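So the sequence shown is numbered by the UniProt record's numbering: it starts at 1 and just counts up by one.
Note that CB positions come from ideal geometry on N, CA and C, so glycine has one too.
What you are looking at is a predicted structure, and each value in this text was computed from that prediction instead of being measured.
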Amino acid sequence: MAILDKELQDKIDALSENAYEKFQNNEIKESFNLLEKAWLLYPEPRNQWNEAYNTAKYSFEDYMKIGDFTNANIWLDRMIDNNSNLHLSDFELEHNEAKYLFETGDYAKAFEKWKYVVKEAGLRYFEEEDSKYKNFYKNKGILK
Numbered sequence: 001m002a003i004l005d006k007e008l009q010d011k012i013d014a015l016s017e018n019a020y021e022k023f024q025n026n027e028i029k030e031s032f033n034l035l036e037k038a039w040l041l042y043p044e045p046r047n048q049w050n051e052a053y054n055t056a057k058y059s060f061e062d063y064m065k066i067g068d069f070t071n072a073n074i075w076l077d078r079m080i081d082n083n084s085n086l087h088l089s090d091f092e093l094e095h096n097e098a099k100y101l102f103e104t105g106d107y108a109k110a111f112e113k114w115k116y117v118v119k120e121a122g123l124r125y126f127e128e129e130d131s132k133y134k135n136f137y138k139n140k141g142i143l144k
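Okay, here's the thing in structure tokens:
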């Protein structure tokens with residue numbers, strides 16, 4: 001796996017931290033602009049950088065929080081591209097895909113992905129999430 005030089009990594013980290021603060025202060029547009037700037041700093045091909053996966057994941061999570069599923073899908077695709085290239089944890093990616101599927105109404109596929117994740121990794125990916133995901137899984141894919 002390639003490693004970014006420290007100066008570039010520091011710039012990306014600063015943008016990501018600033019984006020987090022902006023998001024926390026409800027400066028949503030500014031937050032996403034900073035995350036996009038961080039993303040664009042990764043040298044091509046971006047799918048060779050582990051850190052780029054994390055930038056994509058943070059962006060995906062924030063878009064999911066505000067219910068912007070169109071942009072969440074763009075960042076999910078970036079996560080998938082990085083994961084496919086770097087062979088990172090499939091369980092985290094599958095869990096995030098399931099959340100996206102759930103939120104966009106494809107409950108059957110969401111349940112199947114979560115079934116795979118739980119079989120392989122247990123319930124740990126539900127720990128920091130909205131309880132609706134775990135409740136849906138535990139109720140065998142039935143919304144309550």
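- Take the alpha-carbon of residue 44 and the one of residue 86: they are about 14 Å apart.
- Residue 19 sits close to residue 35, with the two beta carbons spaced by under 8 Å.
- Secondary structure at residue 42: coil, using DSSP grouped into helix, strand and coil.
- Look at the beta carbons and you see the stretch 62 to 80 touching the stretch 93 to 113: at least three pairs across the two are nearer than 8 Å.
- Counting along the chain, the unbroken alpha helix (DSSP H) around residue 80 starts and ends at 69 to 86.
- Within the same chain, and ignoring the five residues on either side of residue 69 in sequence, the residues whose Cβ sits closer than 8 Å to its Cβ are 63, 100, 103, 104.
- For the options 131, 121, 136, the alpha carbon positioned closest to that of residue 108 is the one of 136.
- A direct Cα-to-Cα measurement between residue 116 and residue 73 gives close to 21 Å.
- Rounded to the nearest angstrom, the gap between the Cα atoms of residue 15 and residue 47 is 19 Å.
- With a contact defined as Cβ atoms closer than 8 Å, residue 125 and residue 95 qualify at about 4 Å.
- Contact between residue 12 and residue 38 is confirmed by a C-beta separation of about 5 Å, below the 8 Å threshold.
- Taking all protein chains in view, the Cβ of residue 31 is crowded by 16 or more other Cβ atoms within 10 Å, so the residue is classified as buried.
- Counting only unbroken stretches of 3 or more residues, no beta strand (DSSP E) element lies wholly within the stretch 90 to 132.
- The beta carbons of residue 97 and residue 123 sit no closer together than 8 Å.
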